[in-house]
Amino acid sequence: MSDFANYIAHENSRDGRPVEIRALRPDDEADMLAALEQTSARSLQRRFFVMKRHFSDKERAFFLDIDFSNHVALAVLAEQAGRKVIIGGGRYIVFAPGRAEMAFMVIDSWQARGIGSMLMRHLIKLAGHAGLKELTAEVLPENAAMLNVFRKFGFEPVSTRDPQTVHLVLKLT
């Protein structure tokens, strides 16, 4: 496990609210599931490409069993009702030497506040420090907001055989 497991940063959302970006921890499971409950079916479908409301034990273990080498995950937390809660998260998973796929999720009430861009910036930084050469992502064509975030960071669309998704690639230098 790398130092990424202790990663923490503080920023402000577009509307000025403070947020904490930190490594996802095994004890975040309840807060992560609570965040999913605050996420619309449409947003979940855009993230998982299928209608998804519940996760199996195996899926929950996968999302929380982070080695911070081949699987790096960050959570974004904000103050709500006097406690910090997860409002979003992002990760990359290495699928080939030097290459990893990224994915993000932000609860609906926090969308359009720059949270996805924050996650992108921090994950790209960590990927660079880890020596990765390329980041990829799969996005549904109707998810214009997420496509814009990826394009803003230099991801380029690459043609694939799957017309149901947009495959994006960022070469890291």
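Going by full-length UniProt numbering, the sequence shown opens with residue 1, and the numbers climb by one from there. Virtual Cβ for every residue (Gly too), placed ideally from N, Cα, C. Note that the structure is predicted; figures quoted are calculated from it, not measured.
Check each candidate in V19, F155, G128 and F63 and name the one with the smallest Cα separation from D27. F63
For the candidate residues R151, D67 and D31, whose alpha-carbon lies nearest to that of I93? D67
Taking the beta strand (DSSP E) that F62 belongs to, which residues open and close that run? Taken as a continuous stretch (DSSP letters only), F62 belongs to no beta strand (DSSP E), being part of the alpha helix (DSSP H) at D57 to L64.
For L147, which residues of its own chain have a beta-carbon under 6 Å away from its beta-carbon, when the five flanking residues on both sides are left out? Result list for L147: V139, in chain order.
Under the three-state reduction of DSSP, which class applies to G114: helix, strand or coil? coil
Confirm the yes/no value for this check: CB of D57, any heavy atom of the ligand GTP, distance under 7 Å. Among the ligands in the structure shown, none appear at all, so the ligand GTP cannot be discussed.
Under the DSSP definition of a beta bridge, which residues are partnered with G89? In the DSSP secondary-structure assignment, G89 is bridged to A75 and M105.
CA nearest to the CA of K133, picked from E101, M105 and G16: E101
The alpha helix (DSSP H) that contains L170, what's its start and end? Segment V166 to K171 is the beta strand (DSSP E) holding L170; no alpha helix (DSSP H) there.
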